[in-house]
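Undergrad: A single structure is presented below for examination.
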Amino acid sequence: MSTAPASPSTPYEVLVVGNGGREHALALALTADPSVAAVHAAPGNPGTAEIGTNHVVEATDPVAVAQLARELGVGLVVVGPEAPLAAGVADAVREAGIACFGPSAAAARLESSKAFAKEVMEAASVPTGQCRVCRTVDEAGAALDEFGATYVVKDDGLASGKGVVVTDDRDLALAHADSCDAVVIEEFLDGPEVSLFAITDGTTVLPMLPAQDFKRVGDDDAGPNTGGMGAYAPLPWLPDGTVEQVERTVIRPVVDEMARRGTPFSGLLYTGLAITADGPKVIEFNARFGDPETQSLLPLLENPLGEVLLAAAQGRLSEIGELRWKDASAVTVVLASHNYPDTPRTGDPITGTEQVGDGAHVVHAGTARDAEGRLVSSGGRVLAVVGVGDDLGDARDRAYAGLTGIDLPGGHHRTDIALAAAEQQRGGENA
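If you want it as structure tokens, here you go:
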């Protein structure tokens, strides 16, 4: 039976669904919440095993996850990745009578279908780029010619953060369209990109700090898109009032539109924005915490994370008030496997994660234990080092200092995460 907390202050256990860096970051923040008695992860990774208990389960199997939550008697389930949400894991957990942070499969279509998201944005009068939904090569070619370069081609479905091609090469854009069952081709939105997360129970909306991630594999945004090579928060260069503007023109209208459709969105609404000359416009929505932005955001949150997520899951987010943030900065740098983002080499030994220095910590993602118990790589984005400091320069120094002591044969990382923003911030302080 579920042991849902009788009151927000009653200790309860939490099950985090997923096995990546986002889930380890969530587990770390949850263990710091005094109301959380224990954290479980399904299936988890070596990082979550250090602070909680891992359980072998197929994360996209709604029945198996709900059964595990019942057996553990947890008071809250937090679904991390997009695939379990699209599969209906949150629905199954709620049907089992257990509080769940994460949208229903119907509401998660905001991420699992780019075409559906565009439809919702149009109905809610949300500022975004013009687009065409294409299901044949001929349709895609016509749309590419209509919008012109720079071409933006998005797989309509889930693609683990790598289903988007942004290029000036028409042949490459058309080849990507041809490789997908359906694509959304849209006008290119010029301007710096911002990730703005909002926690919602379907009525109340609590925006988090804006963050920025780095999608390209190489310095100066060179090379192909990845799942994210780093992130930082806050954004000192973002114009004052941007968060309030996006909440008013994007987040609340979408939450209201989803409720009007009978599919209320409860969970984490991730809005990917381009800050254009005409103001913020939506690039995409995700239906869960972003990775690696979450790794930078959660160390800055002063509110106990479990308290906030449980309130959202129980429909009483209005009790929380505005989120509170530390007067600090955080920078996350991802260490990737040899050959990532193409087929990554796995099984390489990882050393040096235990000592990364003050103000820094390691978040595990694509790691595993081999037969001898040694830490090895098991995926493309292997781990991240998160530095927290007084400003972005301090946070960068701590993150990169921590990374220098970690060895992964063939591993690679970007050297410019938050560099421009840190230089701009310190230049402004010295002006």
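Residue numbers (my numbering): 1 to 431.
Glycine included, C-beta positions come from ideal geometry on N, C-alpha and C.
On a predicted model such as this, the values are computed, not experimentally measured, just so you know.
#1: Report the option in 201, 279 and 123 whose CA atom is closest to the CA atom of residue 190.
#2: By the 10 Å Cβ neighbour count, where 16 or more other Cβ atoms means buried, how is residue 294 classified, buried or exposed?
#3: Along the chain, where does the beta strand (DSSP E) containing residue 280 start, and where does it finish?
#4: Roughly how many angstroms separate the alpha carbons of residue 306 and residue 35, rounded to a whole number?
#5: With DSSP collapsed to three states, give me the class of residue 369.
#6: Considering only the beta carbon of each residue, do residue 437 and residue 26 sit closer than 8 Å?
#7: Please report how far the alpha carbon of residue 338 lies from the alpha carbon of residue 227, in whole angstroms.
#8: Give me the Cα-Cα distance between residue 395 and residue 260, rounded to the nearest whole angstrom.
#9: Cα-Cα, which of 221, 334, 319 and 252 is closest to residue 125?
#10: If I measure Cβ to Cβ from residue 176 and keep anything under 7 Å in the same chain, skipping five residues before and after, which residues do I get?
#11: Taking 7 Å as the cut-off, is the C-beta of residue 390 nearer than that to any heavy atom in the ligand PLP?
#12: Using only CA atoms, which one of 156, 208 and 391 lies nearest to residue 432?
#13: Could you tell me which of 383, 331, 341 and 317 sits nearest to residue 349, measuring between CA atoms?
#14: Using a 10 Å radius around the Cβ and a threshold of 16 neighbouring Cβ atoms, would you call residue 109 buried or exposed?
#15: Please report how far the alpha carbon of residue 63 lies from the alpha carbon of residue 17, in whole angstroms.
#16: Could you please give me the residues that DSSP links to residue 193 through a beta bridge?
#17: Among 223, 101 and 271, whose alpha-carbon lies nearest the alpha-carbon of residue 242?
#18: So, with DSSP's three-state summary, where would you put residue 186?
#19: Are the CB atoms of residue 364 and residue 45 nearer to each other than 8 Å?
#20: Quick one: measure Cβ to Cβ for residue 387 and residue 360, integer angstroms, because I've assumed they're closer than 8 Å.
#21: For the alpha helix (DSSP H) that contains residue 398, what are its first and last residues?
#22: With contact counted as at least three CB pairs below 8 Å, one residue from each stretch, are the segment 193–210 and the segment 134–142 in contact?
#23: Starting from residue 378, trace the beta strand (DSSP E) both ways and give me its first and last residue.
#24: Using 8 Å as the threshold, is the C-beta distance between residue 296 and residue 336 below it?
#25: According to DSSP, which residues form a beta bridge with residue 43?
TA: On the basis of the coordinates in this document:
#1: Measuring C-alpha to C-alpha distances from residue 190 to each of 201, 279 and 123 identifies 279 as the nearest.
#2: Buried, by the Cβ-count rule.
#3: Per DSSP, the unbroken beta strand (DSSP E) holding residue 280 starts and ends at 279–286.
#4: Taking the CA atoms as reference points, residue 306 sits about 7 Å from residue 35.
#5: Looking at residue 369 - three-state DSSP - the assignment turns out to be strand.
#6: Since the first and last residues shown for the chain are 1 and 431, residue 437 lies out of range.
#7: Taking the straight line from one Cα to the other gives about 15 Å.
#8: Cα to Cα, residue 395 sits roughly 43 Å from residue 260.
#9: Residue 125 has its Cα closest to that of 252, out of 221, 334, 319 and 252.
#10: Same-chain partners within the cutoff: 153 and 165.
#11: Questions concerning the ligand PLP fall outside what the structure shown contains, since it holds no ligand whatsoever.
#12: What the structure shows of the chain is the stretch from 1 to 431, and residue 432 is not part of that stretch, so it cannot be assessed.
#13: Looking at 383, 331, 341 and 317, the one whose alpha-carbon comes closest to that of residue 349 is 383.
#14: Per the 10 Å Cβ criterion, buried.
#15: Approximately 13 Å, taken between the alpha carbons.
#16: Beta-bridge pairing links residue 193 to 274.
#17: Minimum Cα distance to residue 242 is reached at 271.
#18: DSSP places residue 186 within a strand segment (E or B) once states are collapsed to three.
#19: A contact, by the Cβ cut-off of 8 Å.
#20: Going by Cβ atoms, the distance from residue 387 to residue 360 rounds to 5 Å, so yes, they are a contact pair.
#21: Per DSSP, residue 398 belongs to the alpha helix (DSSP H) from 392–404.
#22: The count of Cβ pairs closer than 8 Å, one atom from the segment 193–210 and one from the segment 134–142, stays below three, leaving the stretches out of contact.
#23: Element bounds for residue 378: n/a, residue is neither H nor E.
#24: Contact flag unset, no.
#25: Answer is 18.
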